[in-house]
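Q: Residue numbers for the sequence shown follow the working numbering, so the first one is 1496 and each next one is one higher.
All residues carry an ideal CB built from backbone N, CA and C; glycine is no exception.
Here the structure is a predicted model, which means the values were calculated and not measured.
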Amino acid sequence: MCGIVGYIGKNSVKDILLDGLSELEYRGYDSAGIAVLQDSNFSIYKAVGKLENLKNKTKEFHPKGFSIGIGHTRWATHGKPTELNAHPHIGENSYVVHNGIIENYQELKQRLSTEGVHFLSQTDTEVIVHLFESHLKRLKSPLEAFRAALDELHGAYAILLITKSAPDTIFFAKNGSPMLIGLGKDEKHFASSDTPLIGLCKDVIYLYDGENGYLTSDAIEVFSKSYEKITPVHKALPTSKLSAQKEGYRFFMEKEIYEQSQVISDTLMGRLSKDTILFEELDEKLFEGINEIKLCACGTSYHSALAASYLFERFAKIRCSVEIASEFRYKEPMMSKDTLFVVISQSGETADTLETLKMAQAAGLKTLVICNVDNSSMVRAADASILTRAGIEKGVASTKAFATQMVVFWMLSLYLAKLRSSLTSAQLAEQILLLREIPATVVVSDDLHEKIRRLSKRYLHGHGFFFIGRDVFYPLALEGALKLKEISYLHAEGYPSGEMKHGPIALADPELFTIALMPVNLLYDKTKSNVEELSARDSTICAISAVAFDKADDFIQIKEHKHYMHEFFEMMVVLQLFSLEISVRLGNDVDMPRNLAKSVTVE
Ligand code: M6R
């Protein structure tokens, strides 16, 4: 949800800022902007839409020598995606970029307006720079003024501010939105994630909530929320960016679908023995006194949690409930200490999910996070974490992160089954053999991809899609529908197969497309009856199954498997490719669909 970068040094500031922003563009692409301060002069460029537009605008801008700069790529929250609302935001002599939401911006704006400040944008961010300058008039010290401004801000933020009153300094603050400092040779950087820094820096400093300070070419000063000096910890940064490139695929999403076999192998690696699941990162004490698991997440991660709830109850015989994080936050939930609170997040930064984690901790619950990003806010906050090892996921539509979450959940349900003696050693050994076979089930064959590509042309219109399934195939149906919605902009819903007759079947006609998940190893006959009911009402049916179904208009055949979870994983790939190919035919931007962002760090 917005990406920010900053730079201090002698190298090409424009290219460094723009390259950094292009690595962060998945976080928001409504507009982008940079501000460079050199020899006490500001150069400022902003453009609406994709970063390409900003690149075109800055073609003739070639700053040389020492400079400082900040940049921003925006996912609009307050105010439309216009140039005036694009960051950096200007005061009289200062610029600011911000990721997050300033919750009390309206009252600050009102007060500053009575002081004679004229606001140019509709954003919450603009108050930061005016607040700073208002305090600067009174306090004279830029650092004191920056701190006074921070003291008045409520909400989530990662902020970078540059000012002519300290022309070699970048002021920064982090609270609830991600930001880190990169340490290069004779230069320093800021970024919202570590990807833009790979290749530029060997070491980084991950900032924690409440931390703030300033950088100059010679100094890194980091302070706590109460402005006590902190000695920051330097951490090594990976050196290869290769895995973040497209490697010949048309889109990151496509590459990430094809990568699933490999990242699932990585996720399993070192965690399986003959009849035991090994999670080195977990202490068994975490589960002492635990009688219930509560899973909490958003979007795709919520779907993996919902599917996991079936596995926890079935294999580990433990009560399991699932919550949508944005709902859980305000429902005044009952939380009891014999519940293990588990949050699931690809990014580890989703604001709603992060907040529920904090709520659970405040209520004294033990917490666990299943996450794809080490050192993310959730990983740092939770009592324990399991990393999904999917690698950097760039497509806004999550694919390989979901796959690895499901693998971790399957393993965790077996880990708990062992602790709770709810499965025998023989049953565990059998399940572990099945786990070992998942990488093979998700390999994309040319035939399957080609079949789906050809079929996709029949599904570009209609008045809607129903993805239906039972048991774990219901959350998979939800996920299939979400994938299609996100990148095709077609209306789609996921539904439990048995629920269609309670209302939605009224919509059935040839222009209603039913995508039916029909696993042979789980409730096949029940699902078949539900699909027949839809077929009888002339809905167009696309069946996904290992066995042909004579009432289907279209049929995508998966391989024969011995367990329904293998059918789950292969169908997952089918649904991902189905959305991808429809989106391609519709000419949409697959990796950066409209109105979305990869990491949703606002509520
Ligand atoms: O990073 P998270 O897993 O916490 O993100 C949650 C959702 O925003 C995310 O899964 C979203 O639904 C994806 N774009 C779905 O493809």
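1. Out of Glu1628, Glu1827, Lys1545 and Phe1666, point me to the one whose CA is closest to Asn2090's CA.
2. Taking C-beta to C-beta, are Pro1970 and Leu1702 nearer than 7 Å?
3. For Gly1573, does the three-state DSSP call read helix, strand or coil?
4. According to DSSP, is Lys1541 helix, strand or coil?
5. So, under 8 Å CB-CB, Phe1666 and Phe1685 are touching, yes? Tell me the CB distance rounded to an integer number of Å.
6. Starting from Gly1886 and walking both ways along the alpha helix (DSSP H), at which residues does that stretch end?
7. According to DSSP, which residues form a beta bridge with Thr1658?
8. Judging by CA-CA distance, which residue of His1729, Asp1966, Thr2009 and Ala2041 is the nearest neighbour of Ser2030?
9. Tell me the rounded alpha-carbon separation between Glu1751 and Lys1604.
10. Going by Cα to Cα distance, which pick from Pro1583, Lys1996, Phe1718 and Ile2039 is closest to Lys1669?
11. Starting from the N-terminal end, write out each residue whose C-beta falls within a distance shorter than 5 Å of any non-hydrogen atom of the ligand M6R.
12. Roughly how many whole angstroms lie between the Cα atoms of Asp1514 and Thr1771?
13. The alpha helix (DSSP H) spanning Leu1516 covers which residue range?
14. Using a Cβ distance threshold of 8 Å, determine whether the stretch 1797-1816 contacts the stretch 1850-1860, with at least three qualifying pairs required.
15. Using a Cβ-Cβ cut-off of 6 Å (strictly less than) and excluding sequence neighbours within five positions of Asn1867, which residues of its own chain qualify?
16. When DSSP labels each residue in this structure, what does Leu1634 get in the three-state scheme?
17. Please report the straight-line C-alpha distance between Thr2022 and Gly1998, rounded to a whole angstrom.
18. From the DSSP output, in three-state form, read off Asn2090 for me.
19. Across which residues does DSSP place Asn1536 in a beta bridge pair?
20. Do Tyr2059 and Asn2016 have their C-beta atoms within less than 7 Å of each other?
21. What is the rounded straight-line gap between the Cα of Val2068 and the Cα of Phe1836?
22. Does the distance from the C-beta atom of Phe1774 to that of Ile1788 stay below 7 Å?
23. Whose CA, out of Tyr1797, Met1830 and Lys1832, lies closest to the CA of Glu1818?
24. Compare the Cα-Cα distances from Thr1664 to each of Ala1651, Ile1563 and Phe1968 and report the closest residue.
25. Would Tyr1521 and Lys1889 qualify as a contact pair, given that the criterion is a beta-carbon distance under 7 Å?
26. Just the C-alpha distance for Gln1601 and Trp1570, rounded to the nearest angstrom, thanks.
27. Count the other C-beta atoms from every protein chain shown that fall within 10 angstroms of the C-beta of Met1764, then say buried if there are 16 or more, exposed otherwise.
28. Taking the alpha carbon of Glu1754 as the point to measure from, which residue in Val1624, Ser1940, Ile1715 and Met1674 has its own alpha carbon closest?
29. What number of angstroms, rounded off, separates the C-alpha of Gly1574 from the C-alpha of Glu1621?
30. How would you call Thr1556, buried or exposed, if buried means at least 16 neighbouring beta carbons within 10 angstroms?
31. Could you compute how far the alpha carbon of Ile2000 sits from the alpha carbon of Ser2034?
32. With the cut-off set at 7 Å, would you say Glu1988 and Phe1968 are in Cβ contact?
33. How is Thr2035 classed by DSSP in three states: helix, strand or coil?
34. Output the boundary residues of the beta strand (DSSP E) element that contains Ile1700.
35. What residue ranges within the stretch 1926-1959 form continuous alpha helix (DSSP H) runs of no fewer than 4 residues, ordered along the chain?
36. Three-state secondary structure (DSSP) at Pro2014?
A: This is what the structure gives:
1. Within the sequence shown, residue 2090 is the residue found at index 595, counting from 1. The option with the nearest alpha carbon to Asn2090 is Lys1545.
2. The sequence position of residue 1970 within the sequence shown is 475, counting from 1. The sequence position of residue 1702 within the sequence shown is 207, counting from 1. Not closer than 7 Å, so no.
3. Looking up residue 1573 in the sequence shown gives position 78. Per the sequence shown, residue 1573 should be read as His rather than Gly. The answer is coil: DSSP assigns His1573 none of H, G, I, E or B.
4. If you number the sequence shown from 1, residue 1541 lands on position 46. Of the three classes helix, strand and coil, the one that applies to Lys1541 here is strand, per DSSP.
5. Counting from one through the sequence shown, the residue named residue 1666 turns up at place 171. Counting from one through the sequence shown, the residue named residue 1685 turns up at place 190. Beta-carbon to beta-carbon, Phe1666 and Phe1685 are separated by about 11 Å, too far to satisfy the 8 Å threshold.
6. Within the sequence shown, numbered from 1, the residue matching residue 1886 stands at position 391. Segment: none, Gly1886 is in no alpha helix (DSSP H) and carries neither H nor E.
7. Reading the sequence shown from its first residue, position 163 is the one you call residue 1658. Per DSSP, Ser1589.
8. Taking the first residue of the sequence shown as 1, we reach residue 2030 at position 535. The candidate whose alpha carbon is nearest that of Ser2030 is Thr2009.
9. For the purposes of this step, residue 1751 is taken as residue 256 along the sequence shown, with counting starting at 1. For the purposes of this step, residue 1604 is taken as residue 109 along the sequence shown, with counting starting at 1. Those two C-alpha atoms are separated by around 44 Å.
10. Numbered from 1 along the sequence shown, position 174 holds the residue referred to as residue 1669. The option with the nearest alpha carbon to Lys1669 is Phe1718.
11. Here the residues come out as Cys1793, Gly1794, Thr1795, Ser1796, Ser1840, Gln1841, Ser1842, Thr1845, Ala1892, Ser1893 and Val2095.
12. Mapped onto the sequence shown, residue 1514 falls at position 19. Mapped onto the sequence shown, residue 1771 falls at position 276. Taken atom to atom, the span from the alpha-carbon of Asp1514 to that of Thr1771 is near 45 Å.
13. The sequence position of residue 1516 within the sequence shown is 21, counting from 1. From DSSP, the alpha helix (DSSP H) with Leu1516 extends over Val1508 to Leu1519.
14. The count of Cβ pairs closer than 8 Å, one atom from the stretch 1797-1816 and one from the stretch 1850-1860, stays below three, leaving the stretches out of contact.
15. Counting from 1 along the sequence shown, the entry for residue 1867 is found at position 372. So the qualifying residues of the chain are Gln1841, Thr1883, Ala1885 and Ala1896.
16. Against the sequence shown, residue 1634 aligns to sequence position 139. Helix at Leu1634.
17. The sequence position of residue 2022 within the sequence shown is 527, counting from 1. The sequence position of residue 1998 within the sequence shown is 503, counting from 1. So the alpha carbons of these two residues sit roughly 17 Å apart.
18. Here the question's residue 2090 lines up with position 595 in the sequence shown. Per DSSP, reduced to three states, the secondary structure at Asn2090 is coil, with no helix or strand assignment.
19. Taking the sequence shown and counting its residues from 1, the one referred to as residue 1536 is at position 41. Under the DSSP definition of a beta bridge, Asn1536 partners with Gln1533.
20. Taking the sequence shown and counting its residues from 1, the one referred to as residue 2059 is at position 564. Taking the sequence shown and counting its residues from 1, the one referred to as residue 2016 is at position 521. Taking 7 Å as the Cβ cut-off, Tyr2059 and Asn2016 qualify as a contacting pair.
21. For the purposes of this step, residue 2068 is identified with residue 573 of the sequence shown, where counting begins at 1. For the purposes of this step, residue 1836 is identified with residue 341 of the sequence shown, where counting begins at 1. Rounded to the nearest angstrom, the two C-alpha atoms are 29 Å apart.
22. Position 279 of the sequence shown, counting from 1, holds the residue named residue 1774. Position 293 of the sequence shown, counting from 1, holds the residue named residue 1788. For Phe1774 and Ile1788, no; Cβs fall outside 7 Å.
23. As a first step, residue 1818 is located in the sequence shown; it is residue number 323 there, counting from the start. Glu1818 has its Cα closest to that of Tyr1797, out of Tyr1797, Met1830 and Lys1832.
24. Within the sequence shown, residue 1664 is the residue found at index 169, counting from 1. Comparing C-alpha distances from Thr1664 to each of Ala1651, Ile1563 and Phe1968 shows the shortest one belongs to Ile1563.
25. Position 26 of the sequence shown, counting from 1, holds the residue named residue 1521. Position 394 of the sequence shown, counting from 1, holds the residue named residue 1889. The Cβ-Cβ distance between Tyr1521 and Lys1889 falls below 7 Å.
26. Within the sequence shown, the letter at position 106 stands for residue 1601. Within the sequence shown, the letter at position 75 stands for residue 1570. Distance between the alpha carbons of Gln1601 and Trp1570: 20 Å.
27. As a first step, residue 1764 must be located in the sequence shown, where it is residue number 269. Met1764 is exposed by the Cβ-count criterion.
28. If you number the sequence shown from 1, residue 1754 lands on position 259. Of the listed residues, the one whose Cα sits closest to Glu1754 is Ser1940.
29. As a working mapping, residue 1574 is identified with position 79 in the sequence shown. As a working mapping, residue 1621 is identified with position 126 in the sequence shown. Cα-Cα distance, rounded: 11 Å.
30. Residue numbering aside, residue 1556 sits at position 61 when the sequence shown is read from its first letter. The amino acid occupying residue 1556 in the given sequence is Phe; Thr does not appear at that position. Burial state of Phe1556 is exposed, judged by a 10 Å Cβ sphere holding fewer than 16 other Cβ atoms.
31. Translated into positions along the sequence shown, residue 2000 becomes position 505. Translated into positions along the sequence shown, residue 2034 becomes position 539. Take the alpha-carbon of Ile2000 and the one of Ser2034: they are about 9 Å apart.
32. By 1-based counting over the sequence shown, the position of residue 1988 is 493. By 1-based counting over the sequence shown, the position of residue 1968 is 473. Remark: C-beta atoms of Glu1988 and Phe1968 do not approach each other more closely than 7 Å.
33. Sequence index remark: in the sequence shown, residue 2035 carries index 540 (1-based). In the structure shown, Thr2035 sits in a strand (DSSP, three-state: E or B).
34. Counting from one through the sequence shown, the residue named residue 1700 turns up at place 205. First-last of the beta strand (DSSP E) with Ile1700: Asp1698 to Tyr1701.
35. Here the runs fully enclosed are 1933-1936 and 1941-1950.
36. Along the sequence shown, read from residue 1 onward, the residue named residue 2014 stands at position 519. Pro2014 falls in the coil class under three-state DSSP.
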